[in-house]
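Since the structure comes first, as structure tokens, the remarks are kept for the end.
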Amino acid sequence: MDILNTLGALFGKKGKKEAEITPILPHEIYQSSVLELKDIVAPSALKVSPREIELGGKIARTFFVISYPRFISDSWFAPIIDLDRIFDISIFIHPIDTAGALRGFQKKVAEVQSQIMLREQKGLVRDPVLDTAYRDLEDLRDKLQQAQERLFDFGLYITVYGDDETDINRAETEIRSILESKLVHIRPAQFQQESGFLSIAPFGIDSLSVHSKLSSSPLSSIFPFVSFDLTSNQGILYGINRHNASLVLFDRFTMENYNSVIFAKSGSGKSFTTKLEILRSLMFDIDVIVIDPEREYEFLAEATGGRYFNISLTSEHHINPFDLPIPREDESPSDVLRSNIISLVGLFRLMLGGLTPEEDSIVDRAISETYALKDITPDSDFSHAPPPLLSDFELVLAGMEGSDSLVSRIAKYTKGTWSGFINRPTSVDINKKFVVFSIRDMEDELKPVAMYIVTHYVWNAVRKELRKRILVVDEAHVMMQSEDAASFLFGLAKRGRKYYLALTTISQDVGDLLNSPYGLPIITNSSIQLLLRQSPTSIDLVQKTFNLSDEEKFLLLESDVGEGIFFAGLKHVAIKIIASYTEQQIITSDPSQVLAIKRAKKEYSESQIRNEAPEVIAPTKSEN
17 MDILNTLGAL FGKKGKKEAE ITPILPHEIY QSSVLELKDI VAPSALKVSP
67 REIELGGKIA RTFFVISYPR FISDSWFAPI IDLDRIFDIS IFIHPIDTAG
117 ALRGFQKKVA EVQSQIMLRE QKGLVRDPVL DTAYRDLEDL RDKLQQAQER
167 LFDFGLYITV YGDDETDINR AETEIRSILE SKLVHIRPAQ FQQESGFLSI
217 APFGIDSLSV HSKLSSSPLS SIFPFVSFDL TSNQGILYGI NRHNASLVLF
267 DRFTMENYNS VIFAKSGSGK SFTTKLEILR SLMFDIDVIV IDPEREYEFL
317 AEATGGRYFN ISLTSEHHIN PFDLPIPRED ESPSDVLRSN IISLVGLFRL
367 MLGGLTPEED SIVDRAISET YALKDITPDS DFSHAPPPLL SDFELVLAGM
417 EGSDSLVSRI AKYTKGTWSG FINRPTSVDI NKKFVVFSIR DMEDELKPVA
467 MYIVTHYVWN AVRKELRKRI LVVDEAHVMM QSEDAASFLF GLAKRGRKYY
517 LALTTISQDV GDLLNSPYGL PIITNSSIQL LLRQSPTSID LVQKTFNLSD
567 EEKFLLLESD VGEGIFFAGL KHVAIKIIAS YTEQQIITSD PSQVLAIKRA
617 KKEYSESQIR NEAPEVIAPT KSEN
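Numbering-wise (our numbering), the sequence shown opens with residue 17 and increments by one.
Dropping the structure here:
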């Protein structure tokens with residue numbers, strides 16, 4: 017048989033051409049019983065049939081791939097490799113001469129183009145298959161001419177093993193279903209099982225010669241070794257690597273900067289992911305501050321013993337924007353005051369709907385004079401001085417020439433319906449490990465102002481004491497609507513590292529952030545980037561912004577909830593966010609689960625009240 021002859025040739029023994037009679041000497045009798053490598057490797061018997069080969073007690077069936085889809089994703093072959101079965105795989109790659117391929121392409125392009133023109137002359141409807149083929153051929157030809165791609169004859173063979181016919185049929189069904197779900201089609205090597213077995217064996221012999229022409233890009237996707245390993249000895253668990261099932265363990269405070277951005281369409285799991293990171297960061301003694309636009313973090317703050325502040329026009333929680341941080345040892349009071357004045361000028365631009373150059377100068381001078389009323393000057397010790405209020409600023413402004421318009425516009429914040437918002441002394445304290453500022457109940461027109469004031473207050477608090485902190489700004493596009501607010505947020509991203517502050521910026525759409533000139537700098541100043549499922553309308557912009565391949569683009573479109581791509585510096589992996597049952601109960605945003613938790617809490621509270629109520633005992637007759 018060919019198989020046995022091949023084995024014999026490879027291991028140095030030729031098949032006997034004819035029987036020879038030779039005398040047997042005593043020492044040759046001993047040598048004849050010695051086993052050779054071929055005797056160990058080769059099965060005791062072979063039976064070749066049209067669909068399989070019987071190898072002793074096993075059945076082997078060989079398949080070859082006959083077609084691939086137009087687009088194929090990275091690591092599409094990994095599910096086959098990860099199967100818990102015994103099988104062999106052979107990959108044969110035969111380079112094709114580029115010059116010869118180009119000559120063939122010219123002929124093929126001309127044929128397809130002529131078919132398209134004939135259909136047009138006959139008045140037939142355009143064939144999308146021909147149009148697509150023409151575009152693909154043109155694109156590939158251009159890449160071959162520019163040496164961006166190479167062309168190969170590619171053969172992929174798979175041999176599965178089973179104990180009996182039922183077992184091997186089950187294995188075939190399993191492999192076929194996985195591959196066909198990715199539009200990759202296979203066929204058994206009918207009447208070629210012997211050639212298939214030789215192609216699979218580790219001889220480097222391509223006996224089947226069933227090839228498909230592939231360029232470099234799709235060819236590279238066959239190799240399953242496409243995923244980085246982001247498992248480190250420290251940090252928190254972000255999720256599971258979807259390619260190799262390794263743990264994505266990472267410490268953001270080991271990067272060149274500690275910032276992160278999260279982009280995902282609504283319902284893709286960005287709040288779930290953020291809350292999971294917060295919960296696990298708290299276990300490592302990291303302070304977390306959240307600006308919450310939708311009141312999603314209230315239960316998490318309650319469960320972890322944090323503080324929750326509701327910022328609205330009628331709330332009892334207030335923040336005075338004129339508050340000043342206490343200067344650190346390496347800071348001068350004049351620099352602290354100057355920095356705060358600059359931030360306040362930006363706030364007033366936002367509050368008053370913009371300022372002319374003249375108004376900008378007036379506001380700057382009025383802020384300095386307002387502080388001076390409270391004996392707060394660049395040369396004074398203002399660590400214990402009470403800060404002024406917005407009404408004090410209005411009083412100073414009213415006494416300045418050319419400020420009539422400014423006074424009338426600021427009146428609604430001091431005397432109108434909005435006066436209860438910021439014209440009050442600060443009544444919040446962020447001395448807890450976890451603090452949440454909710455702006456859900458704030459009017460939409462005032463939400464950018466509220467987020468600016470909160471972030472400014474947090475920044476002043478961060479500068480007081482050096483400590484690991486994470487600041488989460490959810491729905492960051494609200495702040496990006498104003499250039500001054502966006503500039504301030506970018507300042508946090510750029511300067512936060514010096515104060516051990518990690519900024520997490522969250523948005524539903526990359527375009528919302530990129531509409532601001534500070535959007536892209538915020539993204540580039542974030543060492544960690546997490547992309548979850550994206551909408552088809554924004555995926556092209558996401559691909560361009562993060563320099564994604566077509567395979568990664570399709571991965572984001574097809575990802576399930578909590579799945580996406582995790583970037584850490586130059587490395588990135590396909591990730592699946594996972595949580596334990598207890599973690600999920602704490603961080604869930606599912607309305608049904610939230611209602612069930614609230615009912616359970618209410619029932620528990622009522623039962624506690626009943627148990628603590630004093631028992632009423634009816635008086636006896638003697639007591640009467």
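We put the beta carbon where it would ideally sit given N, CA and C, even for glycine. Quick caveat: nothing in here was measured; it's all calculated off a predicted structure.
Checklist entry - Given that a residue counts as buried once 16 or more other Cβ atoms are within 10 Å of its Cβ, and exposed if not, what is G212? => result In summary, G212 is buried, with 16 or more beta-carbon neighbours lying within 10 Å of its beta-carbon over all protein chains present.
Item to check | Residue environment, L389, which counts as buried when at least 16 other CB atoms sit within 10 Å | outcome: L389 is exposed by the Cβ-count criterion.
Checklist entry - Which residue's Cα is closest to the Cα of Y429: G255, S621, L363, L246? => result When each option's Cα is compared against that of Y429, the closest is L363.
Item to check | Bridge-paired residues (DSSP) for Y177 | outcome: The bridge partners DSSP lists for Y177 are A76.
Item to check | Contacting residues, own chain, Cβ-Cβ under 8 Å from L153 (five flanking each side not counted) | outcome: Contacts found: F121, K124, V125, V128.
Next on the checklist: Between D155, I132, L156, Q137, which has its C-alpha nearest L146's C-alpha?
Outcome noted: Selected option, being the one with the closest Cα: I132.
Next on the checklist: Can you tell me whether G432 is helix, strand or coil according to DSSP?
Outcome noted: Residue state, collapsed to three classes: coil.
Next on the checklist: Using C-beta distances below 8 Å, list every residue in its chain close to G283, excluding the 5 sequence neighbours before and after it, in chain order.
Outcome noted: Within the same chain, G283 has close Cβ partners V577.
Item to check | C-alpha distance - G585 paired with K291, whole-angstrom precision | outcome: The alpha-carbon atoms of G585 and K291 are separated by roughly 22 Å.
Item to check | Distance, V306 Cα to I633 Cα | outcome: Reliability of the predicted coordinates at I633 is poor, the pLDDT of 49 falling under 50, and the value obtained from them is presented with this limitation in mind. Approximately 51 Å, taken between the alpha carbons.
Item to check | Runs of alpha helix (DSSP H) lying entirely within the region 465-492, each at least 4 residues, in chain order | outcome: Entirely contained in the region 465-492, not one alpha helix (DSSP H) run reaches 4 residues.
Checklist entry - Since S276 contacts Q524 with CB under 8 Å, what's their CB separation in whole angstroms? => result Contact between S276 and Q524 does not hold, since the beta-carbon distance rounds to 16 Å and is not under 8 Å.
Item to check | Sequence-distant residues of the same chain with beta carbon closer than 6 Å to N476, five excluded per side | outcome: The answer, listed in chain order, is P341.
Checklist entry - So is E181 buried or exposed if we call it buried at 16+ other beta carbons inside 10 Å? => result An exposed status is given to E181, since fewer than 16 other beta-carbon atoms sit within 10 Å of its beta-carbon.
Next on the checklist: If contacts are defined as beta-carbon pairs under 8 Å, then E188 and V200 qualify, I think. What distance do you get, rounded to the angstrom?
Outcome noted: Contact doesn't hold; Cβ gap of about 14 Å is too wide.
Next on the checklist: Is the beta carbon of I486 closer than 8 Å to that of G255?
Outcome noted: At a Cβ-Cβ threshold of 8 Å, G255 and I486 do not count as neighbours.
Checklist entry - Any idea if K30 is buried or exposed, counting beta-carbon neighbours within 10 angstroms, 16 or more meaning buried? => result For K30, the predicted model reports a pLDDT of 46, less than 50, meaning its position is unreliable; a value from the coordinates is still stated below. Label assigned to K30: exposed.
Checklist entry - Rounded to a whole number of angstroms, what is the C-alpha to C-alpha distance between T433 and M367? => result T433 and M367: Cα-Cα distance of roughly 14 Å.
Item to check | Coarse secondary structure for A217, derived from DSSP in three states | outcome: If DSSP states are grouped into helix, strand and coil, A217 belongs with coil.
Item to check | Three-state secondary structure assigned by DSSP to V200 | outcome: Residue state, collapsed to three classes: coil.
Checklist entry - What are the boundary residues of the beta strand (DSSP E) that includes F279? => result Taken as a continuous stretch (DSSP letters only), the beta strand (DSSP E) holding F279 covers 276-279.
Next on the checklist: For a test of the three-state rule: what should DSSP assign to G283, helix, strand or coil?
Outcome noted: Three-state DSSP puts G283 in coil, outside helix and strand.
Checklist entry - Which class does Q624 belong to by DSSP, given the choice of helix, strand or coil? => result Helix at Q624.
Item to check | Cβ neighbour criterion (16 or more within 10 Å) applied to N640 | outcome: Caution is warranted here: a pLDDT of 38 is assigned to N640, below 50, making its placement in the model unreliable, and no coordinate value can be reported.
Item to check | Three-state secondary structure assigned by DSSP to D169 | outcome: It is a strand residue.
Checklist entry - For I194, which residues from the same chain have a beta carbon less than 7 Å from its beta carbon, with the 5 sequence-adjacent residues on both sides left out? => result Take I194, set aside five residues on each side of it, and the residues of its chain with a beta-carbon closer than 7 Å to its own are P95, I96, in chain order.
Next on the checklist: If the criterion is Cβ atoms closer than 8 Å, does the pair V81 and S223 meet it?
Outcome noted: Not in contact: V81 and S223 (Cβ atoms no closer than 8 Å).
Checklist entry - If S1 sits next to F570, beta carbons under 8 Å apart, how far is it from one beta carbon to the other, in whole angstroms? => result With the chain covering 17 to 640 only, the question about residue 1 has no answer from this structure.
Checklist entry - Starting from N356 and walking both ways along the alpha helix (DSSP H), at which residues does that stretch end? => result 349-367 is the span of the alpha helix (DSSP H), which, as asked, contains N356.
Checklist entry - Bridge partners of N257, per DSSP? => result N257 pairs with I591.
Next on the checklist: Taking the straight line between their C-alpha atoms, what separation do you get for R381 and Y473?
Outcome noted: Going by the C-alpha atoms only, they are around 22 Å apart.
Next on the checklist: DSSP three-state label for L519, please.
Outcome noted: L519: strand per DSSP, three-state reduction.
Checklist entry - Excluding the five sequence neighbours on either side, which residues of its own chain have a C-beta within less than 7 Å of the C-beta of V470, listed in chain order? => result So the list reads I307, I327, I335, F453, once near-sequence residues are dropped.
Item to check | beta strand (DSSP E) runs contained entirely in the region 88-161, provided each spans 3 or more residues | outcome: Entirely contained in the region 88-161, the beta strand (DSSP E) runs reaching 3 residues are, in chain order, 103-111.
Next on the checklist: Applying the 10 Å Cβ sphere with the 16-neighbour rule, what's the burial state of P441?
Outcome noted: Flag for P441 reads exposed.
Item to check | Limits of the beta strand (DSSP E) - the one that I342 falls within | outcome: Taken as a continuous stretch (DSSP letters only), I342 belongs to no beta strand (DSSP E), as it is neither H nor E.
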